[in-house]
Structure formats: C-alpha cells, structure tokens
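For the sequence shown, my numbering assigns the number 181 to the initial residue and increments by one for each residue that follows.
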Amino acid sequence: MFEEFYISLHHKFLKMKTIQRKRDLEKLLVLKDKNLIKVVTGVRRAGKSTLLLQFQELLKVDNPDVAIISINLDLPEFRLLGEQNWIEIYNFIKIQLKKNVTNYIFLDEIQNVFEFEKLLEGLFVTQNVDLYVTGSNA
181 MFEEFYISLH
191 HKFLKMKTIQ
201 RKRDLEKLLV
211 LKDKNLIKVV
221 TGVRRAGKST
231 LLLQFQELLK
241 VDNPDVAIIS
251 INLDLPEFRL
261 LGEQNWIEIY
271 NFIKIQLKKN
281 VTNYIFLDEI
291 QNVFEFEKLL
301 EGLFVTQNVD
311 LYVTGSNA
C-alpha cells in the first residue's frame, strides 16, 4: 500500500510515504496499449506525477527492458523548450524512440508546452507509441 522514500531537508533525512493509488493504477493498466491518449488532470500537488511514476514502475516490473521516455515539463531545460516551440520536444522524443517495440511516453505538466495539442497529435499518430500526459490549469 505504501512506498517509502527519503528526502533531504537541511541535511536531515525525513522518511516519507507515498500512497499507492491502486484503483487509478488499475485504470491505467486497462488503458495500456489502447489507441488513446491517457490524460491525468487535476489541481497542482494532487499526485498526478506520482501516479504516472508508479505506473512506470509497474511497467518495469512487467518488463525490465520496457522503452520509457519520461519528460517533466516543469524542469527548466524542458520548460524553456516547450514555451518556445513544441517541435523541439517532438524531435527530442522522436530521436529516442526504439524500433519494433512499444514506446511508453510520459509528459508531465503538458500545459507548459506552447501549442501542446500539436505535440500530442504528432506523437499520437506515431507508430509504436503509447502516450500518457498530466496537466493542470495552474
């Protein structure tokens, strides 16, 4: 039910627990490999990113060699690219795609990409891509 992790806070380590959102993970498993863009929305700090990280871990348990591309668009290196041009992120992803296997692509905080609809459309029509995104209206 809980996973444990540690965070450093002023050189002290705090033991934190994340809640395993079993029902939401099961929904994602049902939608896995379906010809849909899986979108997780909600207010900031609600656990959308954590849910997708937990789902990625489930994929790795099932197949340790699974092809996962995960981009957090809150990170400055991706946020700056996304705010300028969606095609830069698209090209970055396309270069990393593995051939002849399903590539699971996770885009966290998609609203940070200018014209993100074009990015999603381009990835959605790409063969061997299973697409997951999070977004909020923040």
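For every residue, glycine included, the Cβ atom is placed at its ideal position computed from N, Cα and C.
- The secondary-structure analysis by DSSP pairs Tyr284 across a beta bridge with Ile248, Asp310.
- With the rule of 3 Cβ pairs closer than 8 Å, the stretch 277 to 292 counts as touching the stretch 224 to 236.
- Distance from the CA atom of Leu277 to the CA atom of Val223, rounded to whole angstroms, is 31 Å.
- Within the same chain, Cβ atoms closer than 7 Å to the Cβ of Arg259 are found at Leu253, Asn292, the five residues on either side in sequence being excluded.
- The beta carbon of Thr221 is closer than 8 Å to those of Lys228, Thr314, Gly315, Ser316 in its chain, skipping five residues each way along the sequence.
- Beyond the five residues adjoining it in sequence on each side, Val246 comes within less than 7 Å, by CB distance, of Leu239, Lys240, Tyr284 in the same chain, given in chain order.
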